[in-house]
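Report on the structure given below.
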Amino acid sequence: MNTYDEQKIVQASIQKDRLAQKKLYEQHKIYLFSVCMRYAKSRTEAEDMLQDAFISIFKDLHKWSGSGVLRAWMRRVTVNAALMHIRKYRKIEFSNFEIDLIKHTKVTIDFSKIDLPNAVIRIIQQLPEPYQTVFNLRAIDEYSFKEISTKLDTNEATLRSYYLRARKKLKKVVEKELQK
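Residue 80 in my numbering sits at position 86 of the sequence shown; the count goes up by one each step and never skips.
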């Protein structure tokens, strides 16, 4: 889709044109659902996050400047909607004690039979809070620790610790699965 078409769809969506909104939804739902899946613990939770994201997108679409990539703006809105959902329905607690990540959950993945992105998402989903959220924000969405600190209202040192622990555990799980 060229920029002109995108601008027309956005403008019509801002004017509450339901067909334009549906077209915008259809064009971006799969990509934004994949963003939600990384933050969710289940498909149902990801669907709820996506619904919240699109409500925010349509409400705030007039705030998109038009100068950046629409998909990138929508992704930021979706990440924020996912974080709001997590705050509302899951408790993110930062503690100083060490826990066994991916505890009591056996992650068995045959990388030869399924595609790698879905396998990685399933492994990330097994991380407990706040590891999953911190890992997604830093490793995949590329937020700085300062930005994450602001979003999660936690100091940067704590976030770095959680991120490193999550990376270490994910690396072990992937290496173990690849050796099978």
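We put the beta carbon where it would ideally sit given N, CA and C, even for glycine.
Predicted model only: the values in this text are computed from it and were never measured.
Taking 8 Å as the upper bound for CB-CB distance, D135 and V73 are in contact here, some 6 Å apart. When DSSP assignments are scanned along the stretch 34 to 93, no uninterrupted stretch of beta strand (DSSP E) that is 3 or more residues long falls wholly within it. Looking at R84, D(-1) and K162, the one whose alpha-carbon comes closest to that of P124 is R84.
Within the model, the alpha-carbon separation for T148 versus Q126 is close to 15 Å. Looking only at I80, S7 and P111, the smallest Cα-Cα distance to D46 is reached by I80. Note on H22: 16 or more other CB atoms within 10 angstroms of its CB, so buried under the neighbour-count rule. Closest option to L164, judged by alpha-carbon separation, among A151, Y33, K57 and V114: V114. Looking at the backbone, the Cα of Q173 and that of I117 are separated by about 16 Å. For K35 against Q119, the beta-carbon gap comes to about 6 Å, under 8 Å, which counts as contact. Counting C-beta atoms within 10 angstroms of its own C-beta, A151 has fewer than 16 neighbours from the protein chains shown and is therefore classed as exposed. Under the DSSP assignment, T127 falls in the alpha helix (DSSP H) whose first and last residues are Y125 to F129. Annotation for T144: the continuous alpha helix (DSSP H) segment containing it runs F139 to L146. Judged by DSSP secondary structure, L172 falls within the alpha helix (DSSP H) whose first and last residues are E150 to L172. Around the beta carbon of I49, fewer than 16 other beta carbons sit within 10 angstroms, so the residue counts as exposed.
Judged by DSSP in its simplified three-state form, Q15 adopts helix. Sixteen is the threshold: since fewer than 16 other Cβ atoms of the shown chains lie within 10 Å of the Cβ of N112, the residue is exposed.
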